[in-house]
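Q: Quick one: the structure is below, and I'll ask about it shortly.
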Amino acid sequence: MLTTPKRRGPAALATLASAALLLSACGGGGGDSDALQILVVKHPLTGPMEDMGWVAAIEDAAGVPVEWEEVSADWDQKKSTMLAAGDIPDLIVGTNAVTDADAVTFTGLFEDLSDDMDALPNVQAMFEAVPETELMATRPDGEVFSLPSYRRFWPQTATRQYVNQQWLDNLGLEQPTTWDELHEVLLAFKDEDANGNGDPDDEIPVDWSPAGETGFGYFQPTVFLGSLGLPTTNGGGSGYFVEDGRVGNFLTDPRYMELVSFLHDLYADGLVSQEVMTQDYSTYQSVGRGDGDTAKVGFSWGWTASDRFGPQIADQYAPIAPLAADASMSAADLAWTYDSYSLNYGLNTITMSAQSEKKDAALKVIDAFYDQDLSLQALWGEFGQNIEDLGNGAYTVLPPADETLDSSSWKWTTTLADNSPGWIRDDIEVTLPVDIQEAVEDEAPLTDALANIDPATDIWPGELIKMGAEDSSRLSLLHTDLLGQAMQRWATWITEGGVESEWDSYVEEMEGLGLTEAVEIHQRYYDEYRASLE
Numbered sequence: 053m054l055t056t057p058k059r060r061g062p063a064a065l066a067t068l069a070s071a072a073l074l075l076s077a078c079g080g081g082g083g084d085s086d087a088l089q090i091l092v093v094k095h096p097l098t099g100p101m102e103d104m105g106w107v108a109a110i111e112d113a114a115g116v117p118v119e120w121e122e123v124s125a126d127w128d129q130k131k132s133t134m135l136a137a138g139d140i141p142d143l144i145v146g147t148n149a150v151t152d153a154d155a156v157t158f159t160g161l162f163e164d165l166s167d168d169m170d171a172l173p174n175v176q177a178m179f180e181a182v183p184e185t186e187l188m189a190t191r192p193d194g195e196v197f198s199l200p201s202y203r204r205f206w207p208q209t210a211t212r213q214y215v216n217q218q219w220l221d222n223l224g225l226e227q228p229t230t231w232d233e234l235h236e237v238l239l240a241f242k243d244e245d246a247n248g249n250g251d252p253d254d255e256i257p258v259d260w261s262p263a264g265e266t267g268f269g270y271f272q273p274t275v276f277l278g279s280l281g282l283p284t285t286n287g288g289g290s291g292y293f294v295e296d297g298r299v300g301n302f303l304t305d306p307r308y309m310e311l312v313s314f315l316h317d318l319y320a321d322g323l324v325s326q327e328v329m330t331q332d333y334s335t336y337q338s339v340g341r342g343d344g345d346t347a348k349v350g351f352s353w354g355w356t357a358s359d360r361f362g363p364q365i366a367d368q369y370a371p372i373a374p375l376a377a378d379a380s381m382s383a384a385d386l387a388w389t390y391d392s393y394s395l396n397y398g399l400n401t402i403t404m405s406a407q408s409e410k411k412d413a414a415l416k417v418i419d420a421f422y423d424q425d426l427s428l429q430a431l432w433g434e435f436g437q438n439i440e441d442l443g444n445g446a447y448t449v450l451p452p453a454d455e456t457l458d459s460s461s462w463k464w465t466t467t468l469a470d471n472s473p474g475w476i477r478d479d480i481e482v483t484l485p486v487d488i489q490e491a492v493e494d495e496a497p498l499t500d501a502l503a504n505i506d507p508a509t510d511i512w513p514g515e516l517i518k519m520g521a522e523d524s525s526r527l528s529l530l531h532t533d534l535l536g537q538a539m540q541r542w543a544t545w546i547t548e549g550g551v552e553s554e555w556d557s558y559v560e561e562m563e564g565l566g567l568t569e570a571v572e573i574h575q576r577y578y579d580e581y582r583a584s585l586e
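Position 360 of the sequence shown, counting from 1, maps to 412 under the numbering used here, and the rest follow consecutively.
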């Protein structure tokens with residue numbers, strides 16, 4: 053899946069920060085006043101737009117020359133300069149390349165597409181077929197500044213839980229079902245040369261992806277909140293969750309304290325990677341892939357076994373069900389992280405300049421991205437190379453032509469993939485690539501816990517909620533202080549301890565920083581969202 057610990061995410065942008073800025077024009081050279089200017093925010097693996105066969109159809113739809121500006125790194129820096137100057141291209145393409153905050157901050161810079169729907173029949177049809185996409189696009193006052201994508205085939209969660217079954221077998225152990233059992237298993241992994249290479253000190257019993265300064269994401273132990281019955285979304289994000297229709301924030305929930313205390317116990321016993329708080333995502337992935345046939349990590353989280361641990365040792369790992377915090381809990385008490393909205397929908401994937409002098413051409417390009425065949429090719433690659441069109445609404449995603457690449461990396465190399473606008477129809481048949489098939493198979497142990505979550509009352513549906521400018525600005529200020537404090541405590545409490553003794557003062561401090569106000573804002577929008585569905 054190539055996903056960052058966001059968000060986003062699916063490591064779609066895991067190496068973005070270290071890649072070079074790529075700018076190229078493949079529509080006839082820069083500076084053509086007759087050309088439609090399209091800026092594309094791409095994954096660093098993604099090749100030039102001119103090498104993608106389906107791009108010709110986009111250019112044909114435009115009816116004018118197209119110049120592509122391609123950005124693979126430092127987008128936020130480039131964007132801030134561009135927006136401040138009020139100088140943007142005709143179209144900007146890329147998942148959340150232009151955010152809701154951008155739209156409400158730089159008023160008048162982006163075209164309100166709600167007035168242009170007659171020129172966007174594919175988009176109108178998507179809104180009717182998938183009402184969630186219209187919710188994702190429409191601001192409280194009815195404006196539509198960006199359009200989402202709909203992918204349909206992704207599973208309900210990005211994070212799967214794995215234990216090294218070969219290590220368990222080597223030591224005569226059973227798969228853990230509770231936190232205490234996991235603790236005992238991890239102690240055995242540490243002390244008993246679980247990988248059998250004669251070095252009792254090279255095993256890392258447990259490892260997780262790095263959390264950022266702005267909250268939690270995929271492949272992190274926040275999924276253990278589900279062990280206490282607390283459902284999360286997108287791995288945790290800024291801490292907001294919903295239980296029985298009430299919004300809360302787990303950063304001050306006693307169950308969060310219990311989780312952090314457990315993680316500190318593991319860390320204090322030397323069971324957690326000593327680099328867990330400082331490593332970047334690429335290091336996390338690299339260490340998880342071991343050394344040749346020798347695995348290094350005993351228990352971890354990932355998109356699939358092959359994506360997390362690499363094809364050479366993936367078969368050593370077994371996906372396992374959520375653990376209970378203690379033996380008194382039943383399977384009906386457990387939850388997990390529900391990520392279906394972020395996986396199956398892309399936020400703000402295409403945005404138009406309000407100052408575009410080629411409005412008709414820009415609208416034609418937008419609508420073309422939502423054509424059935426172009427949506428498939430922008431997501432998975434061109435027909436003949438990446439997809440076979442079998443006719444009658446049936447398609448097969450082909451294995452990589454480059455045998456050195458897995459199907460996920462191949463997709464990101466040859467097309468815009470998850471960064472593209474598009475609409476994958478519900479009435480077509482697609483034989484999926486092996487990475488999606490594996491993700492669905494590895495999700496099986498999580499099925500019951502996910503079924504315990506009612507998306508109508510137990511999920512914070514952030515992707516479907518557009519907040520007003522004043523509330524967005526207020527939350528941005530509040531979150532700077534709240535998450536700055538919370539994420540620093542997360543690291544300190546796990547590595548040094550102290551969560552129990554400092555908890556009451558921490559909760560008081562978070563309340564003083566505005567957490568109650570932030571929750572109330574979220575509750576108001578959640579109530580409005582629920583009312584709109586009735």
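The C-beta atom is built at its ideal place from N, Cα and C for all residues, glycine as well. Since the structure is predicted, the reported quantities are computational estimates derived from the model, not experimental observations.
#1: With burial defined as no fewer than 16 other Cβ atoms inside 10 Å of the residue's Cβ, what is the status of Met169: buried or exposed?
#2: Ends of the beta strand (DSSP E) at Ser198?
#3: Measure from the alpha carbon of Gly267 to the alpha carbon of each residue in Gly445, His235, His531, then state which is nearest.
#4: Quick one: what does DSSP say Tyr333 is sitting in, helix, strand or coil?
#5: Look up Phe271 in the DSSP assignment and say whether it is helix, strand or coil.
#6: Out of curiosity, what's the CA-to-CA distance linking Val349 and Asn444?
#7: So, for Ser290: in the same chain, excluding its five sequence neighbours on each side, which residues have a beta-carbon less than 7 Å away from its beta-carbon?
#8: Apply the 10 Å Cβ neighbour rule to Glu586 and answer buried if 16 or more other Cβ atoms are within range, or exposed otherwise.
#9: Under a three-way DSSP split, which group does Phe276 fall into?
#10: Taking Cβ to Cβ, would you say Lys94 is nearer than 8 Å to Asn471?
#11: I need the straight-line Cα distance from Pro306 to Trp555, nearest angstrom please.
#12: Leaving aside the five residues before and after Leu426 along the sequence, list all residues of the same chain whose C-beta is less than 8 Å from its C-beta, in chain order.
#13: Tell whether a beta-carbon distance below 8 Å holds between Ala373 and Leu498.
#14: Can you say whether Gly340 is buried or exposed, counting buried as having 16 or more other CB atoms within 10 angstroms of its CB?
#15: Does the Cβ of Leu442 have 16 or more other Cβ atoms within 10 Å, making it buried, or fewer, making it exposed?
#16: Is DSSP giving Ser405 helix, strand or coil here?
#17: List the whole-angstrom C-beta distance separating Thr389 from Thr229, where the pair is believed to meet the contact cut-off of C-beta under 8 Å.
#18: Using the C-alpha atoms, what's the distance from Thr448 back to Ala521?
#19: Go through its chain and collect everything with a Cβ distance to Leu399's Cβ below 7 Å, but skip five positions before and after it.
#20: Over what stretch of residues does the beta strand (DSSP E) that includes Ala370 continue unbroken?
#21: Return the CA-CA distance between Cys78 and Asp253, expressed in angstroms with no decimal places.
#22: Return the chain-ordered list of same chain residues with a C-beta closer than 8 Å to the C-beta of Glu310, the five sequence neighbours on each side being excluded.
#23: Determine the direct distance from the alpha carbon of Gln272 to that of Val328, and round the result to whole angstroms.
#24: By alpha-carbon positions, which one of Met539, Arg526, Ala181 ends up nearest to Ser570?
#25: Any idea what DSSP makes of Ser166, helix, strand or coil?
#26: Phe241 by DSSP, collapsed to three states: which one?
#27: Considering only the alpha carbon of each residue, which of Ala136, Leu165, Lys416 lies closest to Val116?
A: By the coordinates alone:
#1: exposed
#2: 198-202
#3: His531
#4: helix
#5: coil
#6: 46 Å
#7: Gly267, His531, Leu535
#8: exposed
#9: helix
#10: yes
#11: 9 Å
#12: Trp106, Ala109, Ile110, Ala420, Gly474
#13: yes
#14: buried
#15: exposed
#16: strand
#17: Thr389 to Thr229, Cβ: 19 Å. No contact.
#18: 43 Å
#19: Thr147, Asn148, Met188, Pro200, Glu515
#20: 369-371
#21: Here the model assigns Cys78 a pLDDT of 37, short of 50, so the residue's position is not dependable, and the following value carries that caveat. In a straight line, the C-alpha of Cys78 is about 53 Å away from that of Asp253.
#22: Leu280, Ala377
#23: 10 Å
#24: The sequence shown places Ala at residue 570, rather than the Ser named in the question. Checked all of Met539, Arg526, Ala181; the closest Cα to Ala570 is Arg526.
#25: helix
#26: helix
#27: Lys416
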